[in-house]
Amino acid sequence: MSAAMSDAAKPVDAVAIARAIEVLTRGGLVVVPTETVYGLAADADSASAVRAIFAAKGRPADHPVIVHIESEAALDAWARDVPTTARSLAATFWPGPLTLVLARSTRAHDALTGGQPTVGLRCPAHPWARALLAAWCAARADVAAALAAPSANAFGRISPTTAEHVHAELGERVDLILDGGACPVGIESTIVDLATGAPRLLRPGAITRAQLEATLGVAVPDAGVDAPRAPGSLERHYAPRVPLELVESRRLSARINELRGEKLAVLAEVSALLDWPVHVVLRLVPPVAPPEYARRLYALLRQLDAAGATRIVIAWPPVGGDWEAVRDRLRRASR
Ligand code: TXA
Ligand code: MG
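Under our numbering, the first residue of the sequence shown is numbered 100, with each subsequent residue one higher.
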């Protein structure tokens, strides 16, 4: 199969969805494409099923997972004291790549929240995720039936944006992988904390800070040091195996010359380097617009990681609102 074929969006397969519901009903694990990245899903009401997610990922049990819901109708089942800010963000951006952190209801048990008093809720837009959630709600006869789903990668590794990535990393550890093609957004959802009063940005994403601020009519600053625990803030999160260095474009030629003793895999504009010395074993050219860069970012990182290089060198994309999420993921990958 060509890369282009495996990357194309695939139509929802009703038979596969029915099999997924069987797996979820018996407490199993189903990998489902969302518009952001592939998610590793289990019955959100089952603490043992949620614990199986953590075991498959090799992730510490005190980390919270995102609860995926079919519609805003499920908001008040999983959260309490839902503020009007949450309702307007949900009305504007759901279904879509936005996660709201809210005070949890009693239904949001400790295995989901990592024992924290809050729950992260997201209503995904991808046709496969929507079909799965709709079938799940129908099977449970409950509009608030939900699926717990973190990204379907091993703990500390790059989130998968194709079913092939999931096979390579988690293959035997899950019961079923739904293949919906490449994820159209490509990086994890924007996360906003609304549980502590003024809205705060916990993780930048495709829905930009400016979009959130336009909807809410207030500034949405970064969360401070007292922010709820997020795996995204851990050292090795989103990281390739090969050390990754970020360099300003204007310094790239000089830096690559300095690194003559190494084998380099480079992601940089054609114009950033005059020639490509032999110690550059792979050179990839990044997309020029933020949404396209985000969509391809994790697949590019996997390609750079697999090039047999001793170091990955990436030219920083520009500073500016629309680049915030891509710069954030690159910065985390470089640690
Ligand atoms: O786009 C996404 O959000 C993907 C897809 C599959 O939906 N999911 C995802 O899940 O990225 P995960 O578990 O890899 O990252 C979830 C993030 C973590 O940083 C986690 O700490 C944060 O959401 N989170 C979840 N519940 C939270 C809570 N109650 N308080 C603070 N952060 C929370
Ligand atoms: Mg993750």
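Virtual Cβ for every residue (Gly too), placed ideally from N, Cα, C.
Take T198, set aside five residues on each side of it, and the residues of its chain with a beta-carbon closer than 6 angstroms to its own are I165, G219, R221, S288 and I290, in chain order.
Within the DSSP bridge table, the entry for H167 names R221 and L246 as partners.
Just measuring C-alpha positions, the residue of G407, R125 and T212 sitting nearest L201 is T212. The distance from the Cβ of G255 to that of A151 is about 19 angstroms, inconsistent with a contact at the 8 angstroms cut-off. In the same chain as G420, and ignoring 5 residues on each side of it, the C-beta atoms closer than 6 angstroms to its own belong to T307 and A309, in chain order.
Taken in chain order, the complete alpha helix (DSSP H) segments of 4 residues or longer contained in the stretch 305-391 are 308-315 and 351-357. Apart from sequence neighbours up to five positions away, the residues of its chain that approach T409 with a beta-carbon distance below 6 angstroms are E361 and K362, ordered along the chain.
Non-local beta-carbon contacts of L396 in its own chain, meaning distances under 7 angstroms to residues more than five positions away in sequence, involve G285, I286, V425 and R428 in chain order. Distances between the C-beta of A230 and the heavy atoms of ligand 1 are all 6 angstroms or more.
Counting only the Cα atoms, L351 lies some 51 angstroms from S204. Distance check between L345 and each of A297, R186 and S433 places S433 closest, using alpha-carbon atoms only. Using a cutoff of 6 angstroms, the CB of P249 counts as near ligand 2, since one of the ligand's heavy atoms is closer than that. Taking the Cβ of T261 as the reference point, every heavy atom of ligand 1 lies at 6 angstroms or farther away. With respect to P223, P194 sits close: the two C-beta atoms are nearer than 7 angstroms. For V131, the uninterrupted beta strand (DSSP E) segment begins and ends at V129 to P132. When Cβ pairs closer than 8 angstroms are counted between the two stretches, the stretch 227-243 is seen not to touch the stretch 258-274, the count staying below three.
Only exposed fits D161, as fewer than 16 other CB atoms lie within 10 angstroms of its CB. Placement of the Cβ of Q215 at a distance of less than 6 angstroms from at least one heavy atom of ligand 1 is found. In terms of side-chain proximity, the C-beta atom of G138 is found nearer than 6 angstroms to a non-hydrogen atom of ligand 1.
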